[in-house]
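Q: Just passing along the structure, written as structure tokens.
4 protein chains.
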Amino acid sequence: MNGDSFICICIFNMARSTQTLSRPRSVTDKRSAILKAATKVFAQKGFFNSKVADIAEKAKIADGTVYLYFKSKDEILHSIFDRAMEAFISEGKTQLADLKDPIEKLRRIAELHHSRLGSDRNLAVVFQVELRGSTKFMREFSAAGFADYLNIIRKTIEEGQKAKIFRKDIKPIIAAKIFYGALDELVTNWILSKKRYPLAPMADEVLKIFLKGISAK
Amino acid sequence: MNGDSFICICIFNMARSTQTLSRPRSVTDKRSAILKAATKVFAQKGFFNSKVADIAEKAKIADGTVYLYFKSKDEILHSIFDRAMEAFISEGKTQLADLKDPIEKLRRIAELHHSRLGSDRNLAVVFQVELRGSTKFMREFSAAGFADYLNIIRKTIEEGQKAKIFRKDIKPIIAAKIFYGALDELVTNWILSKKRYPLAPMADEVLKIFLKGISAK
Amino acid sequence: MNGDSFICICIFNMARSTQTLSRPRSVTDKRSAILKAATKVFAQKGFFNSKVADIAEKAKIADGTVYLYFKSKDEILHSIFDRAMEAFISEGKTQLADLKDPIEKLRRIAELHHSRLGSDRNLAVVFQVELRGSTKFMREFSAAGFADYLNIIRKTIEEGQKAKIFRKDIKPIIAAKIFYGALDELVTNWILSKKRYPLAPMADEVLKIFLKGISAK
Amino acid sequence: MNGDSFICICIFNMARSTQTLSRPRSVTDKRSAILKAATKVFAQKGFFNSKVADIAEKAKIADGTVYLYFKSKDEILHSIFDRAMEAFISEGKTQLADLKDPIEKLRRIAELHHSRLGSDRNLAVVFQVELRGSTKFMREFSAAGFADYLNIIRKTIEEGQKAKIFRKDIKPIIAAKIFYGALDELVTNWILSKKRYPLAPMADEVLKIFLKGISAK
DNA sequence: AATGAATGAGCATTCATTCAT
DNA sequence: TATGAATGAATGCTCATTCAT
Chain U
92 MNGDSFICIC IFNMARSTQT LSRPRSVTDK RSAILKAATK VFAQKGFFNS KVADIAEKAK
152 IADGTVYLYF KSKDEILHSI FDRAMEAFIS EGKTQLADLK DPIEKLRRIA ELHHSRLGSD
212 RNLAVVFQVE LRGSTKFMRE FSAAGFADYL NIIRKTIEEG QKAKIFRKDI KPIIAAKIFY
272 GALDELVTNW ILSKKRYPLA PMADEVLKIF LKGISAK
Chain S
92 MNGDSFICIC IFNMARSTQT LSRPRSVTDK RSAILKAATK VFAQKGFFNS KVADIAEKAK
152 IADGTVYLYF KSKDEILHSI FDRAMEAFIS EGKTQLADLK DPIEKLRRIA ELHHSRLGSD
212 RNLAVVFQVE LRGSTKFMRE FSAAGFADYL NIIRKTIEEG QKAKIFRKDI KPIIAAKIFY
272 GALDELVTNW ILSKKRYPLA PMADEVLKIF LKGISAK
Chain B
92 MNGDSFICIC IFNMARSTQT LSRPRSVTDK RSAILKAATK VFAQKGFFNS KVADIAEKAK
152 IADGTVYLYF KSKDEILHSI FDRAMEAFIS EGKTQLADLK DPIEKLRRIA ELHHSRLGSD
212 RNLAVVFQVE LRGSTKFMRE FSAAGFADYL NIIRKTIEEG QKAKIFRKDI KPIIAAKIFY
272 GALDELVTNW ILSKKRYPLA PMADEVLKIF LKGISAK
Chain P
92 MNGDSFICIC IFNMARSTQT LSRPRSVTDK RSAILKAATK VFAQKGFFNS KVADIAEKAK
152 IADGTVYLYF KSKDEILHSI FDRAMEAFIS EGKTQLADLK DPIEKLRRIA ELHHSRLGSD
212 RNLAVVFQVE LRGSTKFMRE FSAAGFADYL NIIRKTIEEG QKAKIFRKDI KPIIAAKIFY
272 GALDELVTNW ILSKKRYPLA PMADEVLKIF LKGISAK
């Protein structure tokens with residue numbers, strides 16, 4: 092299943108890049124500008140309270156132009172997710188490729204999770220808050236990249252079990268969700284907090300508990 | 092004039108209480124019916140896509156009647172949260188009152204968390220999905236009952252640390268968030284899953300990992 | 092202030108007494124209370140911005156009770172006009188009855204016009220502003236008591252013409268409108284002015300100009 | 092104050108015309124079309140009973156388009172008044188500029204007043220009836236152009252007094268209101284009358300009486 | 001007569017989307 | 001491609017009126 096997903100993503104990336112490369116740079120730039128503007132606007136006002144006109148203004152284009160790049164307001168939200176998730180998973184795989192130790196892998200995942208979202212607050216807000224504003228989106232979200240992400244964690248846990256580093260009495264898929272949930276909650280708290288603090292160090296706290304929690308010793 | 096008013100008010104109050112006593116059921120029922128209907132509608136369509144008319148229809152009342160019990164559509168969402176959170180925390184405190192062992196307390200919290208949400212899917216959807224659709228609400232949410240909830244967990248962890256059952260090198264407030272995040276993620280997954288499975292057993296999985304993770308041994 | 096109102100009501104009741112006597116006192120009182128409350132509310136907020144509930148509250152009765160005395164919100168406005176106009180014309184006729192000199196009659200009319208409206212600001216506001224908010228009402232208004240009022244003035248002018256006191260080259264009906272318009276405008280100005288000054292003395296100014304204007308000399 | 096207003100109006104007109112000229116004709120036309128349609132609709136149904144949709148329909152545009160030109164239904168009413176009053180006063184000043192004799196000036200004012208309103212019944216209805224439907228508007232109305240108008244009349248009367256043509260025992264500002272009130276009442280009567288007759292000749296009747304009334308002789 | 005909870009028609013305004021230029 | 005004026009469907013909320021008690 093993991094293999095499948097991997098292939099899937101690869102194909103997807105290829106398809107994407109083909110598309111992207113064949114377009115003049117300005118096209119990509121404008122598309123990017125819209126996504127960036129939308130991320131900011133959605134983060135500030137929320138998806139439902141954001142007007143397409145706000146996005147267009149922030150992207151310094153006319154309202155109608157948005158529709159040359161996206162079919163609808165909904166699609167913009169999707170694209171934000173797609174683009175970020177794609178980059179995220181792709182970078183995750185790259186970073187995990189040279190690691191063997193499951194513990195190190197989980198550490199890398201946690202660090203990546205928090206450093207990524209911690210470095211782009213707007214994106215984080217959209218991920219933690221806006222993407223969850225509708226069951227409709229959540230299902231698609233869940234079905235798409237998110238499942239891939241969970242699978243990477245799950246496989247790592249399974250590897251650890253095979254290597255007798257991790258307990259065998261835990262279910263890898265559930266443990267993966269627990270791991271993800273813990274990381275996720277800290278991001279959400281970070282976003283909603285009035286205090287501004289670095290997110291990255293939080294990853295350690297999760298690891299401290301989770302790794303001991305699933306340790307075979 | 093003062094005397095008159097006084098009598099007036101007395102009569103008025105009496106009238107009120109008579110009325111209220113003879114009617115409490117219908118008033119309460121109607122309010123409840125609206126909340127129940129709204130929970131269902133919000134769970135199905137999402138808050139922003141739900142019309143007040145939908146709620147009224149499901150509650151079998153006229154549109155305008157909704158506004159005799161709630162000031163706005165927003166207030167309905169708030170009330171759903173308030174009522175559920177209040178009941179949740181109140182029951183939590185009751186159930187924890189007779190427990191001494193921090194481990195048992197955390198177990199009880201986890202079980203309660205999952206059994207409560209697991210027994211009312213609509214409410215769970217609203218909690219997991221709709222309440223997070225806006226930073227605005229999330230902040231209020233966070234500021235209100237949610238903080239109480241986290242505090243209960245945090246204190247329990249602190250107790251465990253004092254009793255030398257739990258590790259001292261973890262920060263209770265962060266550990267509390269991790270615990271909550273883990274439980275929460277399983278609820279979200281349960282909601283979004285196409286498969287229908289009981290939520291309650293998931294609590295054990297969280298406990299298995301978390302308790303070992305924070306154990307002093 | 093309480094005393095004033097009381098006298099006011101007494102006068103009013105006397106005028107109405109034919110109708111009124113056949114009804115139990117409480118009925119009349121409640122009807123009056125509603126009209127008084129409505130006059131105040133309409134004067135403050137304007138007819139269209141006034142709620143029936145506001146009127147009921149000010150009259151210290153239940154919303155529904157209003158409809159035991161008036162068929163609709165519109166009818167309340169009508170009744171305010173009818174009652175006041177009736178009282179006004181009736182008093183006018185009484186006061187003019189013992190006068191022979193057309194000049195004295197016009198003087199009496201002008202004084203009455205300004206003293207009446209000048210002594211009840213709320214009523215004046217309703218008369219000058221609210222009653223004119225709809226052509227629909229204006230036509231009925233025009234058709235009803237207002238025509239009577241104009242006729243009294245017109246006849247007086249005609250008398251003066253016959254007595255060779257007033258010019259014959261003016262059309263009585265138009266002169267009557269001019270006289271009325273002049274008086275009316277001063278009332279409107281008085282109402283809208285931020286300054287508070289007595290209205291009654293204004294009548295003299297109108298008379299000074301108008302009487303000379305129509306004088307035969 | 093009169094001088095100031097004059098300059099003010101001039102500047103305003105210049106600014107207006109610059110703007111207007113730089114816009115494509117269609118923009119101006121659409122704005123005008125809305126105002127014209129609104130005047131008609133308000134005249135027929137009254138402001139509060141008119142729907143924005145009615146105006147849009149009559150102007151042959153979509154409902155939403157109204158809001159590209161006006162911020163609210165209220166603003167439409169204001170604009171009708173502003174535009175008409177501006178044109179009215181501006182034309183009045185022009186026409187009075189070459190006249191010296193105060194009597195001639197008053198004659199011109201009266202004629203202009205009646206010929207203007209007499210030539211656009213819908214506008215007249217809005218002016219006489221709708222604009223007076225709320226104290227709120229009346230105050231603004233009174234504060235704005237209306238005061239200018241009264242001042243023009245007042246100054247003319249003062250000139251006449253200085254020239255010893257008019258009586259010195261009348262207060263110019265009150266006389267101005269009387270003159271205005273007389274003209275105004277005839278307009279209102281004309282509007283409400285079921286008979287259709289020319290309004291303009293009425294001006295003479297007012298002049299006949301008023302000029303004799305304030306004459307020094 | 002009196003109440004006031006319930007009704008439901010009614011409407012200003014917004015904003016995603018389209019399309020003529 | 002890009003524009004932005006125009007569209008018109010969509011909806012939360014109000015409030016005059018009714019009616020069961």
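Residue numbers (my numbering), protein chains in the order written: chain U, 92 to 308; chain S, 92 to 308; chain B, 92 to 308; chain P, 92 to 308. We treat Cβ as the ideally placed atom computed from N, Cα and C, and that holds for glycine.
1. Distance cutoff 8 angstroms, beta carbons only. Does B:Phe301 sit that close to anything in chain P?
2. For S:Ser163 and U:Ser141, I'd like the C-alpha separation in whole angstroms.
3. Out of U:Met176, U:Ile256, U:Met293, U:Gly155, which has the shortest C-alpha to C-alpha gap to U:Val217?
4. Output needed for P:Pro115: all residues of its chain with C-beta closer than 7 angstroms, excluding positions within five of it in sequence on either side, in chain order.
5. Taking DSSP as the reference, what is the three-state secondary structure of S:Phe270?
6. Can you tell me whether B:Ser210 is helix, strand or coil according to DSSP?
7. Mind checking whether the beta-carbon of S:Ile244 lies closer than 7 angstroms to any heavy atom of the ligand ADP?
8. So with Cβ pairs under 8 angstroms, would you call B:Arg223 a contact of chain P?
9. Is P:Ser123 helix, strand or coil when you go by DSSP?
10. Below 8 angstroms, how does it come out for the segment 206 to 216 of chain S and the segment 127 to 137 of chain S: are there three or more Cβ pairs, yes or no?
11. With the cut-off set at 8 angstroms, would you say U:Glu202 and S:Ile269 are in Cβ contact?
12. What do you get for B:Pro292, buried or exposed, if any count of 16 or more other CB atoms within 10 angstroms of its CB means buried?
13. Whole angstroms is fine: what's the gap from U:Ala178's alpha carbon to U:Ser210's?
14. According to DSSP, what are the bridge partners of B:Ser310?
15. Give me the Cα-Cα distance between B:Ala266 and B:Ser123, rounded to the nearest whole angstrom.
16. If we cut at 8 angstroms on Cβ distances, does P:Glu166 have a partner in chain B?
17. Assign S:Leu168 to buried or exposed, taking buried as 16 or more other Cβ atoms, counted over all protein chains shown, within 10 Å of its Cβ.
18. Report yes or no: do the segment 189 to 202 of chain P and the segment 250 to 259 of chain P share at least 3 C-beta pairs separated by less than 8 angstroms?
19. Rounded to whole angstroms, what's the CA-CA distance from P:Phe205 to B:Leu187? Just pull it up for me.
20. Please say whether B:Arg258 and B:Ala307 have beta carbons closer to each other than 8 angstroms?
21. Give me the chain U residues within the contact set of S:Lys268, using Cβ-Cβ distance strictly less than 7 angstroms, ordered along the chain.
22. With 16 as the cutoff for other CB atoms within 10 Å, does U:Gly236 come out buried or exposed?
23. Suppose you measure from the CA of S:Thr247 to the CA of S:Leu197; what does that come to, to the nearest Å?
24. Of all Cβ atoms in chain S, is any one closer than 8 angstroms to the Cβ of U:Tyr288?
25. In the DSSP assignment, the alpha helix (DSSP H) including B:Thr156 goes from what residue to what residue?
26. Is DSSP giving U:Gly137 helix, strand or coil here?
27. Using 8 angstroms for Cβ pairs, my map puts P:Ile261 next to B:Lys299. What's the rounded Cβ distance?
28. What is the DSSP secondary structure of U:Leu290, counted as helix, strand or coil?
29. Quick one: is U:Thr130 buried, meaning 16 or more other Cβ sit within 10 Å of its Cβ, or exposed?
30. When you compare the CB positions of S:Val157 and S:Leu208, do they come within less than 8 angstroms of one another, or not?
31. Taking just the CA atoms, how far does S:Ala153 sit from B:Glu148?
32. To the nearest angstrom, how far is the alpha carbon of S:Trp281 from that of S:Asp173?
33. So what does DSSP say about P:Ser170, is it helix, strand or coil?
34. Roughly how many whole angstroms lie between the Cα atoms of U:Glu166 and U:Glu221?
35. Taking CB distances under 8 angstroms as the criterion, tell me whether B:Glu296 reaches chain P.
36. Taking beta-carbon pairs under 9 angstroms, can you tell me which members of the segment 249 to 262 of chain B lie near chain P?
A: Quick answer:
1. yes
2. Looking at the two C-alpha atoms, the distance is approximately 20 angstroms.
3. U:Met176
4. In this predicted model, P:Pro115 has a pLDDT of only 48, less than 50, meaning its place in the structure is not dependable enough to derive any value.
5. helix
6. If DSSP states are grouped into helix, strand and coil, B:Ser210 belongs with coil.
7. For the structure depicted, the ligand ADP is absent and the ligand set is empty, with no information on it obtainable.
8. It does: the Cβ of B:Arg223 has a partner Cβ on chain P nearer than 8 angstroms.
9. helix
10. yes
11. No, Cβ-Cβ distance for U:Glu202 and S:Ile269 is not below 8 angstroms.
12. exposed
13. 14 angstroms
14. Outside the displayed span of chain B (92 to 308) sits residue 310 of chain B, for which this structure offers no information.
15. When rounded, the separation of the alpha-carbon atoms in B:Ala266 and B:Ser123 is 36 angstroms.
16. no
17. buried
18. yes
19. For the record, residue 205 of chain P in the displayed sequence is His; it is not Phe. Distance between the alpha carbons of P:His205 and B:Leu187: 34 angstroms.
20. yes
21. Glu276, Leu277, Asn280
22. U:Gly236 sits buried, since 16 or more C-beta atoms from the chains shown fall within 10 Å of its C-beta.
23. 7 angstroms
24. It does not: the Cβ of U:Tyr288 has no partner Cβ on chain S nearer than 8 angstroms.
25. It is not in any alpha helix (DSSP H) - B:Thr156 carries neither H nor E in the DSSP assignment.
26. coil
27. At roughly 6 angstroms, the Cβ-Cβ gap stays under 8 angstroms, so P:Ile261 and B:Lys299 are in contact.
28. coil
29. buried
30. no
31. In a straight line, the C-alpha of B:Glu148 is about 24 angstroms away from that of S:Ala153.
32. Inter-residue distance for S:Trp281 and S:Asp173 is about 23 angstroms (C-alpha atoms, whole angstroms).
33. helix
34. 13 angstroms
35. yes
36. Arg258, Asp260, Ile261, Lys262
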